[in-house]
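Since the structure comes first, as structure tokens, the remarks are kept for the end.
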Amino acid sequence: MPKQDERPTDYRQMRRNHDRSNLLMTLFVLVVIGGVLVAIIIKPVALLAALPFLFLGACGILALYGLWLLIEKLTRR
């Protein structure tokens with residue numbers, strides 16, 4: 164019979180990893196897929212005009228995520 168790992172499952176760490184992977188996937192879809200769609204649907208030159216706005220949207224999402232992490236850290240005390 165194989166020996167089981169006796170450490171308890173860290174659900175908080177699993178949730179943090181899941182949240183981080185969701186954040187990265189969201190940013191990828193916003194910037195990369197959004198940029199590709201703009202280039203395909205409108206024109207590749209329009210991508211130059213759209214990229215700053217896509218990056219601003221990504222920065223807004225990152226700011227909200229950072230605020231959420233700060234609030235979570237402050238409430239854990």
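According to my numbering, the sequence shown is numbered sequentially starting from 164. Ideal Cβ placement from N, Cα and C applies to all residues, glycine included.
The Cβ-Cβ distance between Leu210 and Gly223 does not fall below 8 angstroms. The C-alpha of Ser184 is placed about 14 angstroms away from the C-alpha of Arg175.
If you check the CB distance, Val192 and Leu217 do not come in under 8 angstroms.
Between Leu190 and Ala221, the beta carbon gap of about 5 angstroms places them in contact (Cβ cut-off 8 angstroms).
Separation of the CB atoms of Tyr228 and Leu186 is rounded to 6 angstroms, and the pair is thereby assigned contact status at 8 angstroms.
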